[in-house]
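Step one of this worksheet: look at the structure below.
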Amino acid sequence: MSKGLGRHKTLCASSSRDKNLIVVYSMLLCILIIQFAQFRGNTLLSSMKEEINQESVIASHNLRNGTAGRVNSSLPGSSPVANDSKTMAHENQQATVSIDENIQTQPQTAANPTSSPSYSPTYIPTSSSDDNEDSESFDWEFEGDRRGHAIHGLLPGKTCHVVENICRRPSEKHWFYFRDHESAGLNPKHLIGHPKQPLLSYIQGSRSRISMDIASMHPNATWIKDQQCKMSPIENHVVLNGDHIHMMGEYIQRIVLPLKHIMDDYVAHSTKKSRSEMGKEIQFYINFHQNEHQKVLPSHHLYMNGLPHGQDLQSWSETLDPVYGISSPQCQCYTRLVFCGFQAVYSAMEMNATNSTENITMLQLSPDSTIPWNLNKHCANYIAPTEALETEDCQVWQDLRKSLIETYEEKNPNLSQDIHGYRIKLINKGRQYVHSDANTNIDNVKDWKIIGLSQRKGRRMWLNINETLSHCNKQYNEKLLACVEVDVEDLPTNFVSAGSNSPLSSMDEQFVLYRSIDALIGIHGSQLTQGILMPSNSVMVELFQWIPQHWGISVWGDGWTNQKNHPTPMGIMWHNTDINEAGWCLPRESVPLCQNVSDLVMHNFSLDTDAPSKGYETQKGGAGATELEHCLQVLNGNDFRWDYRNFNVGLDMIEKFVKTFFHSRVNATTDVLESDFPACSDLRRRGEGNGFVLYNVICKGENGTIRPHHYYHNP
Numbered sequence: 019m020s021k022g023l024g025r026h027k028t029l030c031a032s033s034s035r036d037k038n039l040i041v042v043y044s045m046l047l048c049i050l051i052i053q054f055a056q057f058r059g060n061t062l063l064s065s066m067k068e069e070i071n072q073e074s075v076i077a078s079h080n081l082r083n084g085t086a087g088r089v090n091s092s093l094p095g096s097s098p099v100a101n102d103s104k105t106m107a108h109e110n111q112q113a114t115v116s117i118d119e120n121i122q123t124q125p126q127t128a129a130n131p132t133s134s135p136s137y138s139p140t141y142i143p144t145s146s147s148d149d150n151e152d153s154e155s156f157d158w159e160f161e162g163d164r165r166g167h168a169i170h171g172l173l174p175g176k177t178c179h180v181v182e183n184i185c186r187r188p189s190e191k192h193w194f195y196f197r198d199h200e201s202a203g204l205n206p207k208h209l210i211g212h213p214k215q216p217l218l219s220y221i222q223g224s225r226s227r228i229s230m231d232i233a234s235m236h237p238n239a240t241w242i243k244d245q246q247c248k249m250s251p252i253e254n255h256v257v258l259n260g261d262h263i264h265m266m267g268e269y270i271q272r273i274v275l276p277l278k279h280i281m282d283d284y285v286a287h288s289t290k291k292s293r294s295e296m297g298k299e300i301q302f303y304i305n306f307h308q309n310e311h312q313k314v315l316p317s318h319h320l321y322m323n324g325l326p327h328g329q330d331l332q333s334w335s336e337t338l339d340p341v342y343g344i345s346s347p348q349c350q351c352y353t354r355l356v357f358c359g360f361q362a363v364y365s366a367m368e369m370n371a372t373n374s375t376e377n378i379t380m381l382q383l384s385p386d387s388t389i390p391w392n393l394n395k396h397c398a399n400y401i402a403p404t405e406a407l408e409t410e411d412c413q414v415w416q417d418l419r420k421s422l423i424e425t426y427e428e429k430n431p432n433l434s435q436d437i438h439g440y441r442i443k444l445i446n447k448g449r450q451y452v453h454s455d456a457n458t459n460i461d462n463v464k465d466w467k468i469i470g471l472s473q474r475k476g477r478r479m480w481l482n483i484n485e486t487l488s489h490c491n492k493q494y495n496e497k498l499l500a501c502v503e504v505d506v507e508d509l510p511t512n513f514v515s516a517g518s519n520s521p522l523s524s525m526d527e528q529f530v531l532y533r534s535i536d537a538l539i540g541i542h543g544s545q546l547t548q549g550i551l552m553p554s555n556s557v558m559v560e561l562f563q564w565i566p567q568h569w570g571i572s573v574w575g576d577g578w579t580n581q582k583n584h585p586t587p588m589g590i591m592w593h594n595t596d597i598n599e600a601g602w603c604l605p606r607e608s609v610p611l612c613q614n615v616s617d618l619v620m621h622n623f624s625l626d627t628d629a630p631s632k633g634y635e636t637q638k639g640g641a642g643a644t645e646l647e648h649c650l651q652v653l654n655g656n657d658f659r660w661d662y663r664n665f666n667v668g669l670d671m672i673e674k675f676v677k678t679f680f681h682s683r684v685n686a687t688t689d690v691l692e693s694d695f696p697a698c699s700d701l702r703r704r705g706e707g708n709g710f711v712l713y714n715v716i717c718k719g720e721n722g723t724i725r726p727h728h729y730y731h732n733p
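Residues in the sequence shown are numbered from 19 upward in steps of one, following this note's numbering.
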């Protein structure tokens, strides 16, 4: 009992010597005082017990010494998962914590106070923006299309997954919820009687990157204050995930295309706001789950900035990991965290605390291959099509192309001037092979056609590109055709923008470069994806590595990198667009390996002492392998792989390309230039006669209608 309460009893004893009336009044007053003191003491004690019990539950769980956790697969809409028992093993313990034990064992220290759960955390500011009905009404978790991902236990159709009002401790994987109203203090979301969000477990490989478990709340106000938790001024933090997205073709198809449709819906909910205002509402992150320390490239930024509401990306791994990244050592809080491109499973968990039991929802996330979305049925299998598309109604790629271009045109009112200046630069670059005075102004810039030859560094290099450039320019400069090398790894080049009077960034120069050329020729994956930004009626040619068709052994890449009966995995991006797209198969001579080795003489494997046969001597029904097969597959296996192999291009390919797509220009005896839209019958005859597969060509049909046509080859 407190000293104050003792003083009240002394007063009551001394008053007994007074008169009877005073005695009666004094006794009544004493009774009231004692009852008030007891009430106040019990209330304070109850408050202390309740808070200490909360702290003890958290501490007990963190020590893995008593938190309940039993997976319950009977939650409506959920299914058991094979690895749930392992993933949530740390939850599978039983405990009931008594208040009396908490009072005896919980120390009262400055770092662990036993009072004031209603402390007002002014150091966690609320969002500076007003209540945003537009963004809050947007449903990030709308139904998508999980084509090819009917995996047991997955949430059906969830495009993205959302958690709200969470903070991250300086350690990368420890997170907790908080209340979003400043005056109410911190809210332990998962204690009995409180509104709850899912407990989150985000697993990447064997590593837990985010864990919000039973202890995912932090009522210790002193700790939060010491950590200087800050609320991000950006309301939505969106993490984007997909397979192989370090490669631009995969990134566009698995991330950019689905995200474009998501952001179309988002902008529709924010019609009252300008683009700059909306840009303050979202921060996008890219998650390279197959290589966490992959850097975000300028090309990643190029496509993201072209989307509705587009902006620069950040690396999610660098944000999470303070060792490799730019993560702040301070505690960071987020209003909303959105995960797109993740598989998710909900499970129920039973929690016992304060002699009560309650079901809690557990959300387990793991990286998926792509962001699911409602794909038009006519564009089915857009990542790896297995059948000819229904061609009339598939417009997703043209819509994406138009959106990217319109966004950049809106952002740069001087874009046409920049493109004009860049075309002069490229034309002079091509003319240098012929004219010594090439660095001059050109009056008829618009009449020139600029053909880009795509080069890359490292693997899949165009070995004789300089010879090809020289031949092309000497042959066709007088026809106002210029051939130039295109390599985005050489950007930026200090090209000065007409609008800002300052050099363009690598990202912006990429856009201007591809808007300046009229054709692009390159090997599969070699910066061809940016060709989606080229002007209308441009020409794209995808070169296919030579893969021997007559060998009775499997050669990786055959059948999907060079398919002719429907678009290739990359070529699908030009399907039904206003860009012409064709394919060209490189011949045996393109391979700079084993050039003088016979494909007729059989190899004698019994004489091999320095190289393993890898079983090729038993292939083709036991017929063995030729010297050429042995040389390429056994002696040069890694260098012969299509995705590593450097290549040569015959000069006749350039000549056939020009004769197919710039026929009128090179055959005219006067200054007459080619028709913009040739007759389909003529274009098909020239293209197939010169060895091209015409996947998507803009031409005039028999009824005079100009539209995309598709002339695939039979398998």
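Ideal Cβ placement from N, Cα and C applies to all residues, glycine included.
Among the options, the one whose alpha carbon lies nearest that of residue i
i, options, result
"Gln308", "Thr388, Tyr321, Cys349, Leu325", "Thr388"
"Ser15", "Ala362, Pro431, Gly470, Arg478", "Nothing can be reported for residue 15: it is not among the residues displayed for the chain, which extend from 19 to 733."
"Lys420", "Pro553, Met620, Cys490, Gly668", "Pro553"
"Gln332", "Ile437, Pro326, Leu325, His318", "His318"
"Asp386", "Leu277, Gly260, Gln613, His593", "Gly260"
"Glu159", "Ile565, Ile304, Asp283", "Asp283"
"Glu17", "His621, Gly668, Phe658", "Residue 17 lies beyond the stretch modelled for the chain, which goes from 19 to 733, so this question has no answer here."
"Asp505", "Leu498, Pro521, Asn491, Met479", "Met479"
"Phe529", "Ser288, Pro610, Ile437", "Ile437"
"Gly543", "Leu531, Glu720, Gln563", "Gln563"
"Asn482", "Val667, Asn685, Val715, Arg186", "Val667"
Identity of the residues DSSP links to residue i by a beta bridge
i, result
"His255", "Gln301, Leu355"
"Ile389", "In the DSSP output, where bridge partners are listed per residue, Ile389 has none listed."
"Pro605", "In DSSP, Pro605 forms no bridge with anything."
"Ile539", "Leu471, Val559"
"His727", "Val715"
Extent of the continuous beta strand (DSSP E) to which residue i belongs
i, result
"Gly655", "Counting along the chain, Gly655 falls outside any beta strand (DSSP E), though it belongs to the alpha helix (DSSP H) covering 655-658."
"Phe562", "557-562"
"Leu331", "331-333"
"Cys178", "178-186"
"Ala500", "499-504"
"Tyr195", "193-195"
Rounded straight-line distance, which links the Cα of residue j to that of residue i
i, j, result
"Val181", "Asp536", "46 Å"
"Tyr713", "Glu599", "6 Å"
"Pro390", "Ile273", "9 Å"
"Asn588", "Gln548", "Note on residue identity: the sequence assigns Met, not Asn, to residue 588. Rounded to whole angstroms, Met588 to Gln548 spans 11 Å at the Cα level."
"Asn555", "Ile445", "19 Å"
"Cys501", "Arg441", "12 Å"
"Phe513", "Asp526", "10 Å"
"Asp617", "Thr678", "33 Å"
"Leu509", "Ser524", "5 Å"
"Asn656", "Asn664", "11 Å"
"Ser472", "Leu546", "7 Å"
"Gly448", "Val619", "45 Å"
"Ala86", "Glu253", "Caution is warranted here: a pLDDT of 30 is assigned to Ala86, below 50, making its placement in the model unreliable, and the coordinate value is therefore given only provisionally. Taking the straight line joining both Cα atoms gives about 34 Å."
"Asp465", "Ser699", "26 Å"
"Arg477", "Asp661", "7 Å"
"Thr595", "Cys349", "47 Å"
"Leu701", "Ser365", "59 Å"
"Lys248", "Gln271", "36 Å"
"Gly343", "Asn732", "With a pLDDT of 44 at Gly343, under the threshold of 50, the modelled position of that residue is not reliable, and no figure is offered here."
"Ile590", "His727", "14 Å"
"Ile539", "Ser454", "26 Å"
"Gln329", "Ser515", "20 Å"
"Gly705", "Val711", "7 Å"
"His255", "Asn654", "47 Å"
Residue interval of the alpha helix (DSSP H) (run including residue i)
i, result
"Phe529", "524-534"
"Tyr494", "483-494"
"Lys420", "414-429"
"Cys698", "698-707"
"Arg734", "Nothing can be reported for residue 734: it is not among the residues displayed for the chain, which extend from 19 to 733."
"Ile460", "Where Ile460 is concerned, there is no enclosing alpha helix (DSSP H), given that its DSSP letter is neither H nor E."
"Ile280", "275-286"
"Asp670", "669-679"
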